[in-house]
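Report on one structure; see the data block that follows.
Protein chains in written order, with my numbering: chain A, 14 to 579; chain B, 749 to 1107.
Printed below as a string of structure tokens:
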């Protein structure tokens, strides 16, 4: 009887506390931010692709027109095969490299690990410029190609391999590092040969990581704009089509259609990656024993040689751009000069693009880190507002599936609409900041969430029992404990803001041109050496910030994190 | 404990549902001022859910909770009056022991000197007077646990909640801390609720034990009552070792077990012929000083013995059928020269056997 009676009544609701209000406000800010910076622009893009030039609904007419135009639909095939080829080469190289890092006793592992990440510091434009200097019409190694043309698919694939290499290595190192040593001992005890162990234990163990790496690299290549723009020549791909349609021909509707097409592979790879990751987690049990590679001089030195060659090529590509940026008049006068760094000679904006980038990156890193942590904390800790939490979670994951180019395009449609009250942001540095934070939101959000999940879930309960407001505990405990992750997110946003070009290429105005955009412009105008110089400035800045992070981590973090030591 | 018993916490018809799962079903009881209560039960029995409802961390689906005469049923934790210690202790790792203990005091805007004095007093109370400048990671598990208790007590709450506070510790430390927490609680006279799945912990520390299973209360009583007179077969089985012997009611306060007819006062009210489980603790099987007047004598032989250190657990085969587990002390073994295969007479004392109707 009692049970029935209790069932009939509405469940009790806890009285709203000050902490509930605080978390609700945080969640509200997050949801509002994600709706404005992600959901509404993408929605505008989607609807634009179904509209005619006057804004009337015309169904799938734009799509029909797109697929009927052979020069446009040809780009799909071009994009796909180039991306597949680049992904295949990248994965093979990255696999052997990662295998050397994790499964051999070669010397210099930590140096190789760092060298593999060097391409992350550069905008994707840089390898393209380097390959022009190496194999272009006036390239120093031009005859190595036996008459093949670097401008086109060949150049795109080479540059993309450089650009995607670190991403593939990171994923594969993680996959290879989570091996259970007991499986290898069992296989050896059963008398399996090295080759058989490789095919029956190693490969099955990393299959999810390998699949994930293929998808990530494929998506990076197909959505990259900088490389095909610089070195693609007359070879059309989806990413450059969007740019041509929108900037060249002012055909926004067709640009929206190409953007939607570009969204498909990215979305697919996003979904696949999620599925794969879910499975990978279950692979390693808590009782697994880490695999310790055994020394084997011949094999170890073989691995060393391979990694040295690959790392040498990575350095060579960066070095080529650096060297070219210091050459007086390529290829006729090879004496060194700093003239190319006098950017005013090559581009009206001069050095201001660089300082704009610094300002934009600092603002994006500061604002982004703030909203990311406050947002992740509100999502993680609030128990009420289930709908707002679910929506925020979804929208926070979405940017990972949206290529920068598509996001940038959607910002034009959304923020340049005179009916939008936020139209005043259009053409300002602020919109570049908003766009950059939104573009790189997912990884930052996941980093913050992971850090928050690692701390004791009862801190808030304890502070409530002690009548301490949750905001104070957030500031006094959560933030200091998460400081290393907060710094990681800050640096991640800063470096990406410095190097990204795909989204902001649509959004800059002449008053606030960014360094990476200046690289594109100067290269377009034939000032390749100045473009190389600006690209080098970006590399130097990113590298300096990374070094600064290392310094900060050892000095400041040591001082504030004394409690971590026993 | 000298003060008059007054009800401090009243739990009235609590229900808690998670989706279709009922975690608490019609739970009601009261706790007196200054009492030490243990919620005891297997994992998933609802004991932690009940504690979190009392703390306001997860509000019950229906029902009423009163603390010191105040209805706190729907209040958020920050508006209730309790201190809490979690299994993980949830000490703030980046704050010193002193700052952890002072955490709740600072927000009350007490003076600096007053705070320092209170912190020193609390650290003294938990026996770690010099640990103030250390960080939690520099302390042992047992020390961290005591700091967590000090922090929970700092604001002088009316109620102390302990959520499995000892289960993360080594067995030896655990036994010592049981005693320390209990004596601290006695000295302060603070009403305390502790959740545990460890029956020994509950028996040694609690004034009263609330035994729970599947979201309902199986029995509430003093440790002695719970151990001696379990109200249900679940309690009999969960707390301590217990024989469950098959038998049947054979008349007024009599049960038949194998070939024997046993006096069993607790069988009163169960109709004749009904099958029952006869419960008896292994240590209650009597061997010494049996006379012709001793009731409930059974002839058995020792089928097997397992050495447990301070005693031996023996399997006894009844001559009329049935198997009884009995614990024999080392003294008894030596004095009577007990060995496997030996035949002997044992008695099952009537006041120690319980009959439950077989399900």
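Quick reminder that beta carbons are idealized off the backbone N, C-alpha and C, glycines included.
Check	Outcome
Rank B:1061, B:1088, B:877 by C-alpha distance to the C-alpha of residue 1077 (chain B) and give the top, closest one.	B:1061
For residue 753 (chain B), I'd like the list of residues in its chain whose CB is within less than 8 angstroms of its CB, leaving aside the five on either flank, ordered along the chain.	780, 781
Let me see if you follow: with CB-CB separation under 7 angstroms, is residue 840 (chain B) close to chain A or not?	yes
Looking at the structure shown, is residue 195 (chain A) part of a helix, part of a strand, or coil, going by DSSP?	helix
Against residue 576 (chain A), what residues of chain B qualify as contacts under a CB-to-CB distance less than 7 angstroms, listed in chain order?	841, 842, 883, 885
Could you pull out every unbroken alpha helix (DSSP H) segment of at least 4 residues lying fully inside the stretch 864–923 of chain B, listed in chain order?	889–901
Please confirm whether residue 393 (chain A) has its beta-carbon closer than 7 angstroms to some beta-carbon of chain B.	no
At 9 angstroms on the CB atoms, spell out the chain A contacts of residue 822 (chain B), in chain order.	25, 26, 27, 28
Could you tell me the distance, in whole angstroms, from the CA atom of residue 760 (chain B) to the CA atom of residue 959 (chain B)?	17 angstroms
Within the 7 angstroms Cβ cut-off, does residue 469 (chain A) reach chain B?	yes
Chain A partners of residue 805 (chain B), CB-CB under 7 angstroms?	474
Mind listing which residues of the stretch 955–977 of chain B have their C-beta closer than 7 angstroms to chain A's C-betas, in chain order?	none
Does the separation of the CB atoms of residue 192 (chain A) and residue 222 (chain A) fall below 7 angstroms?	no
Nearest chain A C-beta to residue 826 (chain B) closer than 7 angstroms, yes or no?	yes
With residue 10 (chain A) and residue 841 (chain B) assumed to form a contact (beta carbons below 8 angstroms), what rounded beta-carbon distance in angstroms separates them?	Since the first residue shown for chain A is 14 and the last is 579, residue 10 (chain A) is missing from the structure and cannot be characterised.
Rank A:409, A:137, A:495, A:280 by C-alpha distance to the C-alpha of residue 516 (chain A) and give the top, closest one.	A:137
With DSSP collapsed to three states, give me the class of residue 1023 (chain B).	strand
Let me check you understand the geometry: is the CB of residue 482 (chain A) closer than 6 angstroms to at least one non-hydrogen atom of the ligand ATP?	With respect to the ligand ATP, the structure shown offers nothing to examine, as it has no ligands at all.
Could you tell me which chain B residues have their CB closer than 8 angstroms to the CB of residue 247 (chain A), listed as they occur along the chain?	Those within 8 angstroms of residue 247 (chain A) in chain B number zero; the least Cβ separation is about 59 angstroms.
Going by beta-carbon coordinates alone, are residue 996 (chain B) and residue 471 (chain A) separated by less than 7 angstroms?	no
Anything in chain A within Cβ reach of residue 952 (chain B), meaning under 8 angstroms, just list it in chain order.	Simply none; closest approach about 26 angstroms.
What residues are listed by DSSP as bridge partners for residue 1034 (chain B)?	B:1095
Count the C-beta pairs between the stretch 961–974 of chain B and the stretch 928–942 of chain B that are closer than 8 angstroms, then say yes if the count reaches three, no if not.	no
So that I know if they touch, is there some Cβ in chain A lying closer than 7 angstroms to that of residue 810 (chain B)?	yes
Please say whether residue 784 (chain B) and residue 905 (chain B) have beta carbons closer to each other than 7 angstroms?	no
To which residues of the same chain is residue 19 (chain A) closer than 7 angstroms at the C-beta, ignoring the five residues directly before and after it?	Its pLDDT being 48, under 50, residue 19 (chain A) is placed unreliably by the model, and the measurement read from it follows with that caveat. For residue 19 (chain A), where only same-chain residues beyond five positions count, there are no Cβ hits under 7 angstroms.
In this structure, does DSSP put residue 805 (chain B) in helix, strand or coil?	coil
Note down the Cα distance separating residue 116 (chain A) from residue 949 (chain B), rounded to an integer number of angstroms.	49 angstroms
Just mark residue 90 (chain A) as buried or exposed, buried being the case when its beta carbon has 16 or more other beta carbons within 10 Å.	exposed
Please tell me whether residue 465 (chain A) has its Cβ less than 7 angstroms away from any Cβ of chain B.	no
Specify the secondary structure class of residue 764 (chain B) as computed by DSSP and reduced to three states.	strand
Going by CA-CA distance only, name the one from B:1025, B:1102, B:1021, B:871 that's closest to residue 1013 (chain B).	B:1102
Pick helix, strand or coil for residue 417 (chain A), following the three-state DSSP scheme.	helix
When DSSP builds the beta bridges, which residues end up paired with residue 1052 (chain B)?	B:1063
Which residues, in order along the stretch 497–509 of chain A, keep a beta-carbon less than 8 angstroms from a beta-carbon of chain B?	none
Going straight from the alpha carbon of residue 757 (chain B) to that of residue 1097 (chain B), what length do you get?	39 angstroms
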